[in-house]
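Working notes for the structure below.
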Amino acid sequence: MTAPSTTARLEPGFASAFAALCLGAVAMGISPIFVRFASSAMGGAPADVGPFASAFWRVSLCLPLLYAWMRIEEKRAPADAPKVRFSKASIFGGIVFAGDLFFWHLAILKTTVANATFFATMAPLFVVLIVWLVLRQQVSRGTFMGLALCLLGGAALIGQSLQADPARIEGDLYGVATAFFFGLYFLAASRARKTAGAARVTFEAGLITSAILLVIALLFDTRVIPQTAQGIAALLAMSYVSHAGGQGLLAIALGRLPAVFSSLVIFLEAIAAAVFGWAILGEELTLIQSLGGALILFGIWTARPKFPKADALDE
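Structure, rendered in structure tokens:
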């Protein structure tokens, strides 16, 4: 499997693909808010659904919408457009995304949310290392600089809440595993987009992910079916906004943008999560966190794909 070059020329449609990627990051960034409402107790009652069940519903509830999108997309596509069904990359993407959500929820259970979030933001690091060391793809100096800036910015966003506790090492390692599996998903989705449209890749990967998560939820959760209107509304919002919207827009972007650069843009998810936490939950947003967000934006700009000036004029 080969990854697209990290110094790809700017092609027509770059701006729209980048906008889709940014919107997808914001959609995924609000998912912790929905998880909070889906699993929060009201009046001392038990959590509405277990953590693995919420992951299952996140992926499965929007499958009918993703299927309809796939049929519409392929009906409008040119006759010679690639439509490979359940490619190896799509299947692999579904499996590793299930791993991503599984370890993410384990991390939340075993360590603090801040620690889990911080280690999960290391996904771009794994994307860069896999592309560079395993796939033997050249990675530009700007990409490494952008990655370093984004990691520093992510640490600043979350670092004040990090807790160093030997008892939480297991959960911290689950957070690292989350990042590793999300990095694999990036590369798998990028590969799958070479032989299928964004809708098919998102639907097929989601179908596999939901099947795996259903088994996990039935094995490990005591509450799988939501019991309250708040829980149902939160799960629907998480599924349609964070999964269908977030993952769907990500798949659209990966059809044009390099996987390495796209993974760095997903750092915007951390910024969105901090802003939503401040606006909706009233969580404090400090100056250091604001500077961290600025570092992430600068890191993304530093790692942007380079292109000749002539191409820029054409745009």
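Each step along the sequence shown adds one to the number in this note's numbering, with nothing skipped, and position 193 is 207.
Don't be surprised by glycine CBs; every beta carbon is placed ideally from N, CA and C.
Comparing alpha-carbon positions, the option among Ile280, Val145, Ala67 lying closest to Arg237 turns out to be Ala67. Ala193 is positioned such that its CB atom lies closer than 8 Å to that of Ala137. Inter-segment contact for the segment 36 to 52 and the segment 283 to 301 is present: three or more beta-carbon pairs are separated by less than 8 Å.
In the DSSP annotation of this structure, the continuous segment of the alpha helix (DSSP H) that includes Trp71 starts and ends at 65 to 74. Cβ neighbours of Cys164 within its own chain (closer than 6 Å, five residues either side excluded): Leu278, Phe281, Ile310, Gly313. Straight-line measurement puts the Cα of Pro96 at about 5 Å from the Cα of Thr209. Comparing alpha carbon positions, the residue from Gly269, Cys36, Trp71 closest to Leu201 is Gly269. Closest in alpha carbon position to Lys124, among Leu147, Pro180, Met159, is Pro180. With fewer than 16 other beta carbons inside 10 angstroms of its own, Thr300 counts as exposed.
In the structure shown, the three-state DSSP call for Arg182 is helix.
Straight-line measurement puts the Cα of Pro319 at about 7 Å from the Cα of Phe275. Nearest C-alpha to Ala286 among Ala34, Ala39, Ser30: Ala39. The alpha helix (DSSP H) runs lying completely inside the segment 70 to 123 and spanning 4 residues or more are 77 to 90, given in chain order. Boundaries of the alpha helix (DSSP H) harbouring Thr216: 212 to 234, taken from the DSSP string. Closest in alpha carbon position to Phe217, among Arg72, Tyr188, Ala247, is Arg72.
Here Pro138 carries a helix assignment [DSSP, helix/strand/coil]. In the DSSP annotation of this structure, the continuous segment of the alpha helix (DSSP H) that includes Gln244 starts and ends at 243 to 251. In this structure, Asp62 lies near Thr242, with their beta-carbon atoms less than 8 Å apart.
For Cys36, the CB contacts under 8 Å within the same chain, skipping 5 residues up- and downstream, are Val279, Leu282 in chain order. Between the segment 242 to 260 and the segment 73 to 84, the count of Cβ pairs shorter than 8 Å is three or higher; the stretches touch. Residue burial annotation: Ser30 is exposed, with fewer than 16 other C-beta atoms found within 10 angstroms of its C-beta.
Burial check for Trp315: the Cβ neighbour count within 10 Å stays below 16, so the residue is exposed.
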